[in-house]
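Residue numbers (our numbering), protein chains in the order written: chain W, 1 to 213; chain G, 1 to 213; chain X, 1 to 279.
Idealized CB from N, CA, C, for every residue including glycine.
Below: one structure, written as structure tokens.
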Amino acid sequence: MSDAAYTEREVEALLFAAAGPLSDADLAKRLPESADVAGAIAGLQARYAGRGVELVAVAGRWRFQTAADLAWLMTDEREEPRRLSRAAQETLAIVAYHQPVTRAEIEAVRGVQASKGTLDVLLELSLVRMRGRRRTPGRPITYGTTDAFLEHYGLASVGDLPGAAEMRAAGLLSLDLPADFAVPDPNALGADEDPLDEGDAPQFHTDFLGEET
Amino acid sequence: MSDAAYTEREVEALLFAAAGPLSDADLAKRLPESADVAGAIAGLQARYAGRGVELVAVAGRWRFQTAADLAWLMTDEREEPRRLSRAAQETLAIVAYHQPVTRAEIEAVRGVQASKGTLDVLLELSLVRMRGRRRTPGRPITYGTTDAFLEHYGLASVGDLPGAAEMRAAGLLSLDLPADFAVPDPNALGADEDPLDEGDAPQFHTDFLGEET
Amino acid sequence: MTDTFQPNLDFNAVANAVEDGEALIVDIDGYEGPLHVLLALARSQKVDLLQLSILKLAEQYLAFVQQARRAQFSLAADYLVMASWLAYLKSRLLLPKPEQPEADEAPAEEIAARLAFRLAKLDAMRNAAEGLRTRPQLKRDVFGRGDPEAIKVIPSGRIEGDLYGLMSAYIAQRTKEASRTYTPALPKAYPLEEARDRLRRLLPELDRWTPLTGVAPFGPGPGSSGGQGPSRASYVASTLSAGLELVKEGALEARQLEAFADIYLRTKKAPNSGKESAA
Numbered sequence: 001m002s003d004a005a006y007t008e009r010e011v012e013a014l015l016f017a018a019a020g021p022l023s024d025a026d027l028a029k030r031l032p033e034s035a036d037v038a039g040a041i042a043g044l045q046a047r048y049a050g051r052g053v054e055l056v057a058v059a060g061r062w063r064f065q066t067a068a069d070l071a072w073l074m075t076d077e078r079e080e081p082r083r084l085s086r087a088a089q090e091t092l093a094i095v096a097y098h099q100p101v102t103r104a105e106i107e108a109v110r111g112v113q114a115s116k117g118t119l120d121v122l123l124e125l126s127l128v129r130m131r132g133r134r135r136t137p138g139r140p141i142t143y144g145t146t147d148a149f150l151e152h153y154g155l156a157s158v159g160d161l162p163g164a165a166e167m168r169a170a171g172l173l174s175l176d177l178p179a180d181f182a183v184p185d186p187n188a189l190g191a192d193e194d195p196l197d198e199g200d201a202p203q204f205h206t207d208f209l210g211e212e213t
Numbered sequence: 001m002s003d004a005a006y007t008e009r010e011v012e013a014l015l016f017a018a019a020g021p022l023s024d025a026d027l028a029k030r031l032p033e034s035a036d037v038a039g040a041i042a043g044l045q046a047r048y049a050g051r052g053v054e055l056v057a058v059a060g061r062w063r064f065q066t067a068a069d070l071a072w073l074m075t076d077e078r079e080e081p082r083r084l085s086r087a088a089q090e091t092l093a094i095v096a097y098h099q100p101v102t103r104a105e106i107e108a109v110r111g112v113q114a115s116k117g118t119l120d121v122l123l124e125l126s127l128v129r130m131r132g133r134r135r136t137p138g139r140p141i142t143y144g145t146t147d148a149f150l151e152h153y154g155l156a157s158v159g160d161l162p163g164a165a166e167m168r169a170a171g172l173l174s175l176d177l178p179a180d181f182a183v184p185d186p187n188a189l190g191a192d193e194d195p196l197d198e199g200d201a202p203q204f205h206t207d208f209l210g211e212e213t
Numbered sequence: 001m002t003d004t005f006q007p008n009l010d011f012n013a014v015a016n017a018v019e020d021g022e023a024l025i026v027d028i029d030g031y032e033g034p035l036h037v038l039l040a041l042a043r044s045q046k047v048d049l050l051q052l053s054i055l056k057l058a059e060q061y062l063a064f065v066q067q068a069r070r071a072q073f074s075l076a077a078d079y080l081v082m083a084s085w086l087a088y089l090k091s092r093l094l095l096p097k098p099e100q101p102e103a104d105e106a107p108a109e110e111i112a113a114r115l116a117f118r119l120a121k122l123d124a125m126r127n128a129a130e131g132l133r134t135r136p137q138l139k140r141d142v143f144g145r146g147d148p149e150a151i152k153v154i155p156s157g158r159i160e161g162d163l164y165g166l167m168s169a170y171i172a173q174r175t176k177e178a179s180r181t182y183t184p185a186l187p188k189a190y191p192l193e194e195a196r197d198r199l200r201r202l203l204p205e206l207d208r209w210t211p212l213t214g215v216a217p218f219g220p221g222p223g224s225s226g227g228q229g230p231s232r233a234s235y236v237a238s239t240l241s242a243g244l245e246l247v248k249e250g251a252l253e254a255r256q257l258e259a260f261a262d263i264y265l266r267t268k269k270a271p272n273s274g275k276e277s278a279a
């Protein structure tokens, strides 16, 4: 490869990887002294002319940018995965391990009042569903995880959630925990649970019936 | 401009602007239905071959990246790399080449108990993930590599791991050692476990029983 | 003993190795376990690992452990277990084969072959790790685009997070619960200095006998929520203490008609008028 072609490659890589536009001087500083930066820039400009990506000068410095006429393509370019808030993540974990669980029980484990929004978010994302009602005074609604939850976390069933031994193996459990520390088995179906009434939440009701069979 | 050339421009712009690698499906979703994504990718690969920036497949998706031989130029861009310990590197290689693999199997290959933290670090760095459970008594958790792993090492798929075919041919990737293989290994408990022996009651199993009460 | 193994009998292996500069420098910390040591020793034989001389290897390992024990008294137990096992294996390889092989024991050659195979596996993984390490790595050797300009972000249905994150979140809470401690908030006291200053400011107004409970500030008042600020009792107590100090200084008079009765305060008028009593 000729020196000029090699310099062109170098400039191309530098401009591509740089966090901001680079001036001729910036480029020259990083390249061997003999490198013909201006020539490389001219070569690149010709090469990229009319492509989807173009080499443009902004404020006397160079940068690659997508062609202006393709701007319409870029609107939904980056899919940002939805990040669960810390509270949501923690609540989800409790629902997963303690299901069926009532809101009051979630709060008891977390030690803070579960904001209404947290459970709502999880319900809306279809990670958590209403399962039924606890047979206790007040008949509070119990919550559990959904099939979407299992799918997302790659679990065949809630029984596959890692247990205490595996948490210990993963280094998550420290040794100074009380000896009777136990992770509940979400498989043990709550016997003190009633199905949801008609009108509690139709969409979840259907779900619930579907899974009972 | 021909349709094909226009699609190529669009794909070029999309890949350039994307924060992460894009799959054929990602690209197709953003382009008109008739667009020939595969053709455009092939065209771009040819166009960028040998340039300072190259189009490569990682984890089944496409991304532009600077040419590997120009690494020396990029001193300013380089992040302080998080150095993996030797043990972590070895563990990562075992997970990569043997996946899905259980913790006990990793320990069997290494001949030492996976120290707390080794697998942790890999999980935390999202290089390794929990994949599922082995269908053996105790249903131990299996580990595998993530897309982030493939992206980091610039691999199109786990099938592209260097030397995997040769190792497999030599039998070096089989996990089952002969049933009566008996190197004593006080550290690696269960290293010689016979996966089909129903009589074993591994620790996880016991654990779950304990928790059901 | 089969002839296959005879040529490999080499009790001088270690001595030779030392002469060849191949002997391992004893460094227990550098080896994670016996297998790693064995592999390092086996590599020094520079043969296909599957054709390895287990006898030679056993010799070298025993020498290694011997040397290591001298350097580091508390040599890990598993190194010693491996050493004794290798010694046993070596003796079985050297002894003539019994006519009637014991049923529950595999032939020594087979075990040796398996050990060699196992080392080959570990070696393959070591090489693989090295292979991975030398690959062009993102952000070390190859770089993606450095400056993704702000592109309109549309949240996708995809949710971030993996099982490990879920487990960590769960454990973080449960451990918090396990070690939850009760720390009652210390009641706030009305500082004595403040009470004294306030009382001094009030002196001109206290020309008549005024009940202490009327003099002490009410602060946020009884039943005020949140436990903010000192309690009423603290206000009264501090005011009383400050009052007594002022009495001692001769700036104030105090009187109490009987035990548990209200205490009254009054600015001392004449230097000669005595104080009735101090509580």
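Within chain G, the residues that residue i reaches when beta carbons sit closer than 7 Å
| i | result |
| --- | --- |
| X:Arg145 | Phe16 and Phe64 |
| X:Ser163 | Residue identity differs from the one stated: residue 163 of chain X is Leu in this sequence, not Ser. Simply Met130. |
| X:Ala128 | Ala93, Tyr97 and Gly163 |
First through last residue of the beta strand (DSSP E) which encompasses residue i
| i | result |
| --- | --- |
| W:Asp194 | Glu193 to Pro195 |
| G:Gln65 | Arg61 to Thr66 |
C-beta contact flag for residue i and residue j at 8 Å
| i | j | result |
| --- | --- | --- |
| G:Gly52 | W:Glu12 | yes |
| G:Gly163 | X:Gly165 | no |
| X:Ala128 | X:Leu49 | no |
| X:Leu62 | X:Leu94 | no |
Chain G contact residues for residue i, given Cβ-Cβ distances below 8 Å
| i | result |
| --- | --- |
| X:Gln137 | Pro81, His152, Tyr153 and Gly154 |
CA-to-CA distance, residue j to residue i, given in whole angstroms
| i | j | result |
| --- | --- | --- |
| G:Ala19 | X:Arg145 | 8 Å |
| X:Thr267 | X:Pro187 | 31 Å |
| W:Phe64 | G:Leu73 | 18 Å |
| W:Asp26 | W:Leu44 | 17 Å |
| X:Glu193 | W:Leu127 | 59 Å |
| W:Arg133 | W:Ile106 | 15 Å |
| X:Asp162 | W:His152 | 8 Å |
| G:Arg103 | G:Thr142 | 7 Å |
| G:Thr118 | G:Leu175 | 20 Å |
| W:Arg131 | W:Gly138 | 16 Å |
| W:Phe149 | W:Arg129 | 10 Å |
| X:Ser91 | X:Lys176 | 56 Å |
| G:Glu8 | G:Val37 | 8 Å |
| G:Thr136 | G:Gly111 | 22 Å |
| G:Trp62 | G:Arg86 | 30 Å |
| W:Leu56 | G:Arg83 | Just to set this straight, residue 56 of chain W is Val in the shown sequence, not Leu. The straight-line gap from Cα to Cα measures roughly 37 Å. |
Beta carbon proximity, residue i to chain W, threshold 8 Å
| i | result |
| --- | --- |
| G:Ile41 | no |
| G:Leu214 | Nothing can be reported for residue 214 of chain G, as the shown portion of chain G is limited to 1 through 213. |
| X:Lys176 | yes |
Delimiting residues of the alpha helix (DSSP H) encompassing residue i
| i | result |
| --- | --- |
| G:Met130 | Where G:Met130 is concerned, there is no enclosing alpha helix (DSSP H), although the beta strand (DSSP E) it sits in stretches over Val128 to Arg133. |
| X:Arg114 | Ala108 to Thr134 |
| W:Ala148 | Asp147 to His152 |
| G:Arg82 | Looking at the DSSP string, G:Arg82 is not in any alpha helix (DSSP H), and its letter there is neither H nor E. |
| X:Gln67 | Ile54 to Ala71 |
| G:Glu105 | Arg103 to Arg110 |
Residue i at chain G interface by Cβ criterion, 8 Å
| i | result |
| --- | --- |
| X:Ala108 | no |
| X:Glu32 | yes |
| X:Leu122 | yes |
| X:Asp141 | yes |
| W:Arg86 | no |
| X:Leu35 | yes |
| W:Asp147 | no |
| X:Ala71 | no |
| X:Ala68 | no |
| W:Gly52 | yes |
Chain X within 8 Å of residue i, Cβ atoms only
| i | result |
| --- | --- |
| G:Gln89 | yes |
| G:Tyr97 | yes |
| W:Arg61 | no |
| G:Val112 | yes |
Within chain W, the residues that residue i reaches when beta carbons sit closer than 8 Å
| i | result |
| --- | --- |
| X:Met125 | Those within 8 Å of X:Met125 in chain W number zero; the least Cβ separation is about 21 Å. |
Under 8 Å by beta carbon: chain X residues contacting residue i
| i | result |
| --- | --- |
| W:Ile94 | Tyr170 and Gln173 |
| G:Ala68 | Pro136, Asp141 and Val142 |
Per-residue contacts from residue i into chain W (C-beta, under 7 Å)
| i | result |
| --- | --- |
| G:Ile141 | Pro162 and Glu166 |
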